[in-house]
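Written below as structure tokens is the structure these notes are about.
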Ligand code: CTP
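So this is what it looks like as structure tokens:
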């Protein structure tokens, strides 16, 4: 695909170097059109080296080939990242006083903007109005995210992560929309709950957001998806239930999840175990609510027994060509790095792909973002993603596609 990346004058321009790299790595022909201001943040040689194409900001170069409209005409997709408040205003007004402006006016391709600015500028009525105008014209906006801004401020205004921008931009062109046609995927999501008695359970903090994002990404890319949902955020689940390519079944305990996954795996091309499965269950579930009156002393002891490892079982019974993906939630300790622990788990579980993420009191669970390293069966890093759970999900499916094409 012929992709034009407009870069405007904001500090987030440095993140767009990675964005261009991602597009080039995916095999796209990328042409960077920086504004003059953007070049004060990242220089021209960097853009040329990373995009592997000549770069200019001027409409007066390459005039014979009418470069000022040629780029826009050739583009299948235009991404402006970062898009400053000034550029958004120029776009809304249709100004064309530089190569990016003429390119934007000359293109019929989908235009995706990733705004980046201070919160006050983002909330200013002029910017709000310009964004509304651009959206009305069909321009797609990605972000801005809420987070740390330059100078110690924080709030909405931070440019979205390159992975997310690329994922949403490619989805806008339909480039990724049907690359999993015919694939039957089973995805487990959420946290299991192991009953203690009729009112209490042992659970975990999983919201199911990552697993549901994996299911939705596959369905959007045309796979047939069975989502096996344990305890999840019901609002997020309703989005998946509404998707025509997603069937949802529910599972409460680890044993129920194991049974549901076991049944479904036989007919699946890919199984993704994103659920947070309880490693232990209570040996004897009480039919009556446990009462303090019955306790012998100041405390009670629950006897726990180990649950089957569903992922390991799937790997053992894997059919030829079937792909099994696991997750690893880690809290690195004792001098071991996240990657060390991930590699140990990859070796132990034997999955084709393991998505390793660090979790903690304020990390991983319930959040909308995730930071994940994808390891293959031999523990090699296939990709690292720091972005939305959807961006992580798309990276997992990209990696699955890679394995499928190597298996063929
Ligand atoms: N998993 C599973 N069955 C279990 C426990 C975990 O299928 N009984 C799967 C999870 O769905 C995930 C992967 O195994 O894909 C890793 O889960 P994680 O909780 O990180 O690891 P554990 O196997 O529980 O190992 P540990 O508790 O030692 O980290």
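In this note's numbering, the protein residues as written are 95 to 502.
Glycine included, every Cβ here is placed at the ideal spot set by N, Cα and C.
Check your understanding: For residue 180, which of helix, strand or coil comes out of DSSP?
Key -> helix
Exercise for review: May I ask you to check if the CB of residue 444 is nearer than 7 Å to at least one heavy atom of the ligand GDP?
Suggested key: By its list of ligands, the structure shown excludes the ligand GDP, since it contains just the ligand CTP.
**Study point:** DSSP bridge partner residues for residue 482 (one or two, in chain order)
**Key:** Paired residues: 463.
**Study point:** Buried versus exposed call for residue 202 [16 or more other C-beta atoms within 10 Å across all chains shown]
**Key:** exposed
Point to revise | Whole-number beta carbon distance between residue 462 and residue 483, since they are thought to touch under 8 Å | key: Contact holds; Cβ gap of about 6 Å.
Review point. For the ligand CTP, any of its heavy atoms closer than 7 Å to the Cβ of residue 367?
Key: Result yes, Cβ under 7 Å from the ligand CTP.
Check your understanding: Is there at least one non-hydrogen atom of the ligand CTP closer than 7 Å to the beta-carbon of residue 166?
Key -> Distances from the CB of residue 166 to the heavy atoms of the ligand CTP are all 7 Å or more.
Review point. What are the complete alpha helix (DSSP H) segments, minimum 4 residues, inside the segment 169-224?
Key: 179-187, 193-200 and 213-217
Review point. Residue 341 by DSSP, collapsed to three states: which one?
Key: strand
Check your understanding: In three-state terms, what does DSSP make of residue 122?
Key -> coil
Review point. Since residue 433 is in the alpha helix (DSSP H), which residue starts that stretch and which ends it?
Key: 432-443
Exercise for review: Kindly examine the ligand CTP and report whether one of its heavy atoms sits closer than 7 Å to the Cβ of residue 135.
Suggested key: no
**Study point:** Sub-8 Å separation of residue 266 and residue 206 beta-carbons
**Key:** yes
Point to revise | Residues bridged to residue 291 (per DSSP) | key: 294
Point to revise | Contact test: residue 471 Cβ vs the ligand CTP heavy atom, cutoff 7 Å | key: no
Exercise for review: Compute the distance between the beta-carbons of residue 190 and residue 220, then report whether it is under 8 Å.
Suggested key: Contact flag unset, no.
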